[in-house]
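**Student:**
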Amino acid sequence: MRPNASGSIPVISIRDLSKTYVIGKKTRVDALRGVSLDVYPGEFVAIMGPSGSGKSTFMNLLGCLDRPTSGQYWLAGKLVSKLSSDELASIRNRLIGFVFQGFNLLGRATAMSNVELPMVYAGLPKRERESRARKVLTLVGLGGRLHHKPPELSGGQQQRVAVARALVNGPSLLLADEPTGNLDSRTSVEIMGVLQALNDQGLTIVLVTHDSKIAEYARRQVAFLDGRIVRDEPVVARRSAQDEWAALIEADAIESQRQTQVKEETP
Ligand SMILES: Nc1ncnc2c1ncn2[C@@H]1O[C@H](COP(=O)(O)OP(=O)(O)O)[C@@H](O)[C@H]1O
Ligand SMILES: [Mg+2]
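With my numbering applied, the sequence shown corresponds to residues 62 to 328, in that order.
(1) Name the one or two DSSP bridge partners that Asp-238 has.
(2) Could you spell out where the alpha helix (DSSP H) holding Leu-93 opens and where it closes?
(3) Are Asn-243 and Phe-159 closer than 9 Å when you measure CB to CB?
(4) I'd like the ranges of any alpha helix (DSSP H) spanning at least 4 consecutive residues and lying wholly in the region 90-168.
(5) What is the rounded straight-line gap between the Cα of Ser-145 and the Cα of Arg-76?
(6) Would Asn-175 be called buried (16 or more neighbouring beta carbons within 10 Å of its own) or exposed?
(7) Using 8 Å as the cut-off, classify the Cβ of Ser-131 as near or not near the heavy atoms of ligand 2, replying yes or no.
(8) CB of Ser-174 to nearest heavy atom of ligand 1: below 8 Å?
(9) Can you tell me whether Val-96 is buried or exposed? The criterion is at least 16 other CB atoms within 10 Å of its CB, across all chains shown.
(10) For ligand 2, is there any heavy atom lying closer than 8 Å to the beta carbon of Lys-116?
(11) Residues in the same chain with beta-carbon distance under 7 Å from Leu-156, minus the five sequence neighbours each way, listed in chain order, please.
(12) Quick check: does the Cβ of Val-90 come within less than 8 Å of any heavy atom belonging to ligand 1?
(13) At 3 residues or longer, and completely inside the region 264-318: list those beta strand (DSSP E) runs for me, N to C.
(14) Do the CB positions of Ala-237 and Leu-198 come within less than 9 Å of each other?
(15) Compute the Euclidean distance between the alpha carbons of Ile-315 and Asp-304, then round it to the nearest angstrom.
(16) Tell me whether Arg-89 is buried or exposed, calling it buried when 16 or more other Cβ atoms sit within 10 Å of its Cβ.
(17) Hey, is Asp-36 close to ligand 2, as in C-beta under 8 Å from one of its heavy atoms?
(18) Count the CB pairs spanning the region 200-212 and the region 126-136 that are closer than 8 Å, and state whether there are at least three.
(19) In the DSSP output, what is Val-83 paired with across the bridge?
(20) Let me check understanding here. Comparing Cα to Cα, which of Arg-292, Ala-284 and Gln-257 lies closest to Asp-302?
(21) Grouping DSSP H, G and I as helix and E and B as strand, with all else coil, what is Leu-228?
(22) Does the count of Cβ pairs from the region 219-229 and the region 64-84 closer than 8 Å reach three?
(23) Could you give the DSSP three-state label for Arg-76: helix, strand or coil?
(24) Tell whether a beta-carbon distance below 9 Å holds between Leu-309 and Val-250.
(25) Buried or exposed, going by whether 16 or more other CB atoms sit within 10 Å of the CB of Tyr-278?
(26) Tell me, to the nearest whole angstrom, how far the beta carbon of Ile-275 is from that of Val-283; I am working on the premise that it is less than 8 Å.
(27) Pop quiz: Ser-114 and Phe-285 are said to be a contact at Cβ under 8 Å. What is the actual Cβ separation, rounded to whole angstroms?
(28) Let me check understanding here. Comparing Cα to Cα, which of Val-181, Met-109, Arg-169 and Asp-91 lies closest to Asp-293?
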């Protein structure tokens, strides 16, 4: 494993990773064909590519949800490609936070309870769970919504709860599979702003998207085609979702002020 210029070892180091799905006796699908990639602490990588190019297969391997057919994967310096499913589960719970397209929240539980859940599994005492949950919910801007349930929250707020839940065990890596897939463009900006802010604080993020506009918020883009990486380059003119979101909020404020004035002027 190669340290970078500042001496950090990669969060993700992958060499010649392949995955072949075998269906029945005759059919084999080579979903990944020799993928190599290093991701260092603090990176924000967008994984792109058309449907069927291997993105989900790759994310499942990154997330220790599945094992490769061949090749090596080091996660935070540990060789995980040969671990048993039990060992993978424990690594996964400690090192990786997941955010999905459908927020996967418990509909009848408060934001606090949803975020506490991974810590219940980890066996943390109630007091510790509550203090950590409050902290991460505040970090994603939901300090004022701790006891709201998902139906009482906007789509963007629900995805913020899911992001807080992903962060609560202090992961080395946040994996997001189409996190804005169910959100309108405005709410997508909101969520990408949250992810960019977390990345600015040092969190390593790998995000899958088929939307090239969303990929412009990342710092690096890796494109898949037919199970191989065909492009890997930095984002030159990175968009700032936080600035775009602030501009949207300001435009709203101006508009609502204008409407109030119109009302006052109407006799
Ligand atoms: N569980 C599976 N069993 C068999 N084939 C699969 C399975 N998952 C994915 N594939 C196949 O592997 C290829 C890559 O799929 P996938 O990783 O889902 O791509 P993407 O997420 O980019 O759409 C596709 O040809 C797909 O049909
Ligand atoms: Mg997919």
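Note that the Cβ used here is the ideal one computed from N, Cα and C, for glycine as well.
Computed from a prediction, not measured in an experiment: that's the story for all the values here.
**Tutor:** Straight from the coordinates:
(1) Taking the first residue of the sequence shown as 1, we reach residue 238 at position 177. Answer by DSSP bridge pairing, in chain order: Val-269.
(2) As a working note, residue 93 is residue 32 in the sequence shown. First-last for Leu-93: 88-100, but that is the beta strand (DSSP E), not the alpha helix (DSSP H).
(3) The residue you call residue 243 lines up with position 182 of the sequence shown. The residue you call residue 159 lines up with position 98 of the sequence shown. Against a cut-off of 9 Å, the Cβ pair of Phe-159 and Asn-243 comes out as no contact.
(4) 116-123 and 146-156
(5) If you number the sequence shown from 1, residue 145 lands on position 84. If you number the sequence shown from 1, residue 76 lands on position 15. Rounded to the nearest angstrom, the two C-alpha atoms are 19 Å apart.
(6) Counted from its first residue, the sequence shown places residue 175 at position 114. Under this definition Asn-175 is a buried residue.
(7) What you label residue 131 is simply residue 70 of the sequence shown in a count that begins at 1. For ligand 2, not one heavy atom lies less than 8 Å from the Cβ of Ser-131.
(8) Position 113 of the sequence shown, counted from the first residue, corresponds to residue 174. Look at Ser-174: its beta carbon is at least 8 Å from all of the heavy atoms in ligand 1.
(9) Locating residue 96 in the sequence shown gives position 35, counting from the first residue. Val-96 is buried by the Cβ-count criterion.
(10) Locating residue 116 in the sequence shown gives position 55, where the first residue counts as 1. Lys-116 Cβ: within cutoff of ligand 2.
(11) Residue numbering aside, residue 156 sits at position 95 when the sequence shown is read from its first letter. Around Leu-156: Leu-136, Ala-137, Pro-232, Ser-233 and Leu-234.
(12) Here residue 90 refers to the residue found at position 29 when the sequence shown is read from its first residue. Checking the 8 Å criterion, the Cβ of Val-90 is within range of a heavy atom belonging to ligand 1.
(13) 265-269, 281-286 and 289-295
(14) Here residue 237 refers to the residue found at position 176 of the sequence shown. Here residue 198 refers to the residue found at position 137 of the sequence shown. Cβ distance not < 9 Å, so Ala-237 and Leu-198 don't count as in contact.
(15) Here residue 315 is taken as the residue at index 254 of the sequence shown, counted from 1. Here residue 304 is taken as the residue at index 243 of the sequence shown, counted from 1. Rounded to the nearest angstrom, the two C-alpha atoms are 17 Å apart.
(16) Taking the first residue of the sequence shown as position 1, residue 89 is located at position 28. Label assigned to Arg-89: exposed.
(17) Residue 36 lies beyond the residue range present for the chain, which begins at 62 and ends at 328; the question has no answer from this structure.
(18) no
(19) Your numbering for residue 83 matches position 22 in the sequence shown. Partner(s): Arg-89.
(20) Taking the first residue of the sequence shown as position 1, residue 302 is located at position 241. First, the amino acid is wrong: residue 302 is Ala here, not Asp. Among Arg-292, Ala-284 and Gln-257, the Cα nearest to that of Ala-302 belongs to Gln-257.
(21) Position 167 of the sequence shown, counting from 1, holds the residue named residue 228. Helix, per DSSP.
(22) no
(23) As a first step, residue 76 is located in the sequence shown; it is residue number 15 there, counting from the start. In the structure shown, Arg-76 sits in a strand (DSSP, three-state: E or B).
(24) Counted from its first residue, the sequence shown places residue 309 at position 248. Counted from its first residue, the sequence shown places residue 250 at position 189. Closer than 9 Å, so yes.
(25) Here residue 278 is taken as the residue at index 217 of the sequence shown, counted from 1. Looking at its Cβ environment, which holds 16 or more other Cβ atoms inside 10 Å, Tyr-278 is buried.
(26) Sequence index remark: in the sequence shown, residue 275 carries index 214 (1-based). Sequence index remark: in the sequence shown, residue 283 carries index 222 (1-based). Separation of the CB atoms of Ile-275 and Val-283 is rounded to 14 Å, and the pair is thereby denied contact status at 8 Å.
(27) Taking the first residue of the sequence shown as position 1, residue 114 is located at position 53. Taking the first residue of the sequence shown as position 1, residue 285 is located at position 224. Yes, Ser-114 and Phe-285 are in contact; Cβ-Cβ is about 4 Å, under 8 Å.
(28) Locating residue 293 in the sequence shown gives position 232, counting from the first residue. Nearest option by C-alpha distance: Met-109.
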